[in-house]
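Undergrad:
Number of protein chains: 2
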Amino acid sequence: MKKFLNSVDTILSESLAGFASAHSDLVTLDPSGKFIRRNELKPGKVALISGGGSGHEPLHGGFVGFGMLDAACPGQVFTSPTPDQMMEAVAAVDSGAGALFIVKNYEGDVMNFDMGAEMAEGDVLQVITNDDIAVKDSTYTTGRRGVAGTLVVEKVLGAAAEQGLDLAALKALGDEVNGNARSFGVALTSCTVPAAGKPTFDIGEQDMEFGVGIHGEPGRRRDKMRPADDIAEEICGAIIEDMGAASGKPSLLFVNGFGGTPSMELYLMYNSARRIFEQHGITIARSLVGSYVTSLDMAGCSITLVGLDDKTLSYWDAPVHTPGLRWGM
Amino acid sequence: MKKFLNSVDTILSESLAGFASAHSDLVTLDPSGKFIRRNELKPGKVALISGGGSGHEPLHGGFVGFGMLDAACPGQVFTSPTPDQMMEAVAAVDSGAGALFIVKNYEGDVMNFDMGAEMAEGDVLQVITNDDIAVKDSTYTTGRRGVAGTLVVEKVLGAAAEQGLDLAALKALGDEVNGNARSFGVALTSCTVPAAGKPTFDIGEQDMEFGVGIHGEPGRRRDKMRPADDIAEEICGAIIEDMGAASGKPSLLFVNGFGGTPSMELYLMYNSARRIFEQHGITIARSLVGSYVTSLDMAGCSITLVGLDDKTLSYWDAPVHTPGLRWGM
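Keeping their order, the protein sequence lines are chains A and B. One gets this note's numbering by counting positions in the first sequence from 1 and adding 278 to each. One gets this note's numbering by counting positions in the second sequence from 1 and adding 278 to each.
(1) Heavy atom of the ligand MG less than 7 Å from the Cβ of D485(B), yes or no?
(2) Does DSSP put K502(B) in a helix, a strand or coil?
(3) Select from R422(B), I314(B), I380(B) and C469(B) the residue whose C-alpha is nearest the C-alpha of D453(B).
(4) Per DSSP, what are the beta-bridge partners of P352(B) in this structure?
(5) Where does G463(B) sit, in a helix, a strand or coil, going by DSSP?
(6) Strictly below 7 Å CB to CB, what residues from chain B border S416(A)?
(7) Ends of the beta strand (DSSP E) at L307(A)?
(8) Please report the straight-line C-alpha distance between D303(A) and N317(A), rounded to a whole angstrom.
(9) Give, in chain order, every unbroken run of the beta strand (DSSP E) that is at least 3 residues long and sits entirely within the stretch 545 to 580 of chain A.
(10) Does the beta-carbon of Q363(A) have 16 or more other beta-carbons within 10 angstroms, so that it is buried, or is it exposed?
(11) Give me the Cα-Cα distance between F391(A) and V355(A), rounded to the nearest whole angstrom.
(12) From what residue to what residue does the beta strand (DSSP E) around E487(A) run?
(13) Spatial neighbours of T539(B) within its chain, please: CB distance less than 7 Å, with the 5 preceding and 5 following residues excluded, ordered by chain position.
(14) Of all the residues that make up the stretch 518 to 543 of chain A, which are near chain B by a beta-carbon distance shorter than 9 Å?
(15) Could you check whether the stretch 481 to 499 of chain B touches the stretch 404 to 415 of chain B, counting it as contact only if at least three pairs of C-beta atoms, one from each stretch, sit closer than 8 Å?
(16) Enumerate in chain order the residues of its own chain whose CB-to-CB distance from H493(A) is below 6 Å, with the five nearest sequence positions on each side excluded.
(17) What separation, rounded to the nearest whole angstrom, lies between the Cα atoms of G559(A) and I517(A)?
(18) I'd like the list of long-range same chain contacts for A447(B), defined as Cβ closer than 8 Å, with 5 residues on each side in sequence excluded.
(19) Rounded to whole angstroms, what is the Cα-Cα separation between D587(A) and K527(A)?
(20) V455(B) and V584(B) look like a contact to me (Cβ under 8 Å); what is the Cβ gap, rounded to whole Å?
(21) Taking DSSP as the reference, what is the three-state secondary structure of D415(A)?
(22) Three Cβ pairs or more, each shorter than 8 Å: is that satisfied between the stretch 304 to 314 of chain B and the stretch 550 to 567 of chain A?
(23) Under 8 Å between the Cβ atoms of L531(A) and Y545(A)?
(24) How many angstroms separate the CA atom of A369(B) from the CA atom of T600(B)?
(25) Pairing CB atoms from the stretch 590 to 604 of chain B with CB atoms from the stretch 426 to 440 of chain B, are three or more of them under 8 Å?
(26) Could you give the DSSP three-state label for F297(A): helix, strand or coil?
(27) Keeping to the same chain, check which residues put their C-beta closer than 6 Å to that of N408(A); ignore five residues upstream and five downstream.
(28) Taking C-beta pairs closer than 8 Å, name the residues in chain A that R572(B) reaches, listed in chain order.
(29) So, does the CB of L466(A) fall closer than 8 Å to a CB anywhere in chain B?
(30) For L319(A), which of helix, strand or coil comes out of DSSP?
(31) Using a beta-carbon distance below 8 Å, is Y384(A) in contact with chain B?
(32) So R604(A) contacts chain B; which residues on that side make the cut at Cβ distance below 8 Å?
(33) Using the rule of at least 16 other Cβ atoms within 10 Å of the residue's Cβ for burial, across every protein chain shown, is A474(A) buried or exposed?
(34) Rounded to the nearest angstrom, what separates E335(B) and A551(A) at their Cα positions?
(35) How big is the Cα-Cα spacing for A398(B) and V371(B)?
(36) In the DSSP assignment, find the unbroken alpha helix (DSSP H) run with G427(A) in it and report its ends.
Here it is in structure tokens:
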């Protein structure tokens with residue numbers, strides 16, 4: 279394993295310190311190290327809190343700021359944050375309107391966010407994201423996994439919270455956006471967890487993991503590498519099939535890199551996916567291409583399609599100012 | 279080699295098509311495929327044009343837009359664009375105030391941009407960037423290589439051009455910013471050029487290339503992996519030594535990923551570099567952390583320090599709206 283680190287025990291704390299220092303105009307790392315919080319809270323706004331295992335940056339800490347999250351709780355690499363992290367984050371950023379947790383569907387995360395919600399003062403509701411259509415259940419998951427679509431839920435809810443939606447309405451909107459989001463990923467290499475010191479899985483020189491999860495969990499099958507168009511055809515086909523009657527909405531197409539795949543390949547996949555979706559009558563109204571929901575250094579990408587309506591489009595377009603996503607201000 | 283592609287012959291054109299389609303609100307790929315141009319030109323503004331071999335994305339095409347470049351000419355992967363590309367880009371975006379080329383110091387680029395300038399109608403001046411202090415000469419270079427500092431030159435000049443500086447003043451400002459920029463990179467793995475199909479160089483499981491260029495060119499030496507703090511100490515020390523009497527200015531610290539290194543490690547390196555520079559009395563006034571000047575899928579990073587004054591700080595802070603860099607609007 280070759281990584282820029284001093285010790286596997288301190289990689290997270292040193293990285294968080296650097297992150298907080300580079301973005302001190304926007305966010306603060308709580309002295310406890312338990313959460314990253316937005317510097318300027320908006321009184322009366324519902325607090326949005328997410329988190330999960332580290333290694334998916336910029337998700338979630340990179341999305342703390344105006345128009346997105348109020349706090350993010352980073353666990354160790356690919357390890358759920360503990361309930362006290364979420365409890366203390368609520369205490370720090372809930373200004374009285376309640377808190378909404380945005381939680382990717384993994385057993386550890388769901389359990390610990392549940393406990394955090396019980397321990398927290400004030401009203402807490404939760405949105406569980408499960409946009410990964412590749413598999414029904416997975417290594418760490420009952421039901422579908424929460425992956426790149428989580429970014430879209432965080433962005434839309436962030437804008438809606440800034441505009442004054444209450445806790446119950448935000449919970450309903452989050453469930454709606456998650457329900458309209460479908461993702462599917464493919465890995466060309468494994469990631470390497472620093473504490474493990476070796477790749478999470480072995481994969482042949484000509485193979486890919488089709489339907490991989492963002493921790494390197496198995497997908498639908500191990501497959502031989504194929505041309506990008508073939509890969510995109512199968513992924514987009516699976517997404518369209520899963521959408522069923524919901525197809526036809528103007529949509530956000532989000533091609534997400536897992537960390538080790540360069541921009542040139544992501545735009546090539548975008549080009550292919552867009553053509554395929556458009557051939558199926560889907561209007562690509564908005565686009566996002568980049569490495570936003572990563573899996574450490576894994577080479578690979580995922581394709582996410584989210585059906586939008588006028589309301590969610592306007593929330594997507596609303597100004598956002600976070601370390602990882604910024605527009606309109 | 280495992281990459282998302284259909285054919286090595288079409289990877290660039292397909293990727294550019296995807297890029298232009300994802301960012302059609304900002305940029306257009308000329309039908310010839312020879313350059314990416316800004317949709318909305320500002321009459322009377324000096325045209326800023328850059329380019330170079332592809333594989334360094336988002337540099338340069340990702341920096342076309344308001345407050346940065348008017349056009350970028352993409353060569354094949356790690357291959358200079360041809361003079362006709364620059365000539366036609368000038369014809370498309372020079373609205374009468376002349377054009378400034380921003381060229382990274384590689385022999386092929388310098389030669390072809392020179393010829394492009396001769397062939398172009400209207401006034402053309404050039405800024406050659408050579409911020410890489412790691413080596414004196416290199417494989418493709420007489421003198422220092424132009425690397426990540428180029429982004430800073432493009433951003434500062436972009437803002438200054440929007441504010442009405444004339445061609446001669448922009449040329450002088452570009453030379454000044456380049457002269458205040460110092461970069462140094464280290465690679466943990468090689469990149470793989472699609473047309474070659476195999477890594478550009480071999481590197482051992484415990485080795486790093488210290489002082490690497492952004493095409494995988496050799497640096498100062500092959501070295502054993504060391505803790506991040508040791509690597510940062512030597513890089514920052516080399517930068518400080520090179521600065522000499524210029525040290526003490528408020529500075530921009532830019533930690534740049536080469537494509538295969540995750541955000542967690544980049545922020546850890548930032549944390550280390552910032553501490554070291556501050557110990558040497560350097561004030562870090564601005565920060566940028568991310569994979570902006572890449573080398574395909576190479577794992578590694580570079581550290582860039584740019585001394586700034588009130589004028590260049592205000593140009594850095596000025597609004598920018600491009601696919602790859604955006605703030606203030």
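No residue lacks a Cβ here, since even glycine has one placed at the ideal position from N, Cα and C.
TA: Reading from the atomic positions:
(1) The model on display carries no ligand, and the ligand MG is accordingly not part of it.
(2) Three-state DSSP puts K502(B) in a strand.
(3) I380(B)
(4) In the DSSP output, where bridge partners are listed per residue, P352(B) has G330(B).
(5) If DSSP states are grouped into helix, strand and coil, G463(B) belongs with the strands.
(6) Under the 7 Å cutoff, chain B gives no residues; its nearest Cβ is about 22 Å from S416(A).
(7) V305 to L307
(8) So the two alpha carbons sit approximately 8 Å from each other.
(9) 562 to 568
(10) Classification for Q363(A): buried.
(11) 17 Å
(12) Annotation for E487(A): the continuous beta strand (DSSP E) segment containing it runs D485 to F488.
(13) A577, G578 and C579
(14) L531, V533, G537, G538, T539, P540, S541, M542 and E543
(15) yes
(16) F356
(17) 13 Å
(18) A438
(19) 7 Å
(20) Yes, V455(B) and V584(B) are in contact; Cβ-Cβ is about 7 Å, under 8 Å.
(21) coil
(22) no
(23) no
(24) Distance from the CA atom of A369(B) to the CA atom of T600(B), rounded to whole angstroms, is 21 Å.
(25) yes
(26) helix
(27) N383, G421, R422 and G424
(28) Checking the sequence, you will find Thr at residue 572(B) rather than Arg. Simply P540 and S541.
(29) yes
(30) Three-state DSSP puts L319(A) in coil, outside helix and strand.
(31) So, not an interface residue.
(32) R604 and W605
(33) Its Cβ having fewer than 16 others within 10 Å, A474(A) is exposed.
(34) 20 Å
(35) 12 Å
(36) G427 to E440
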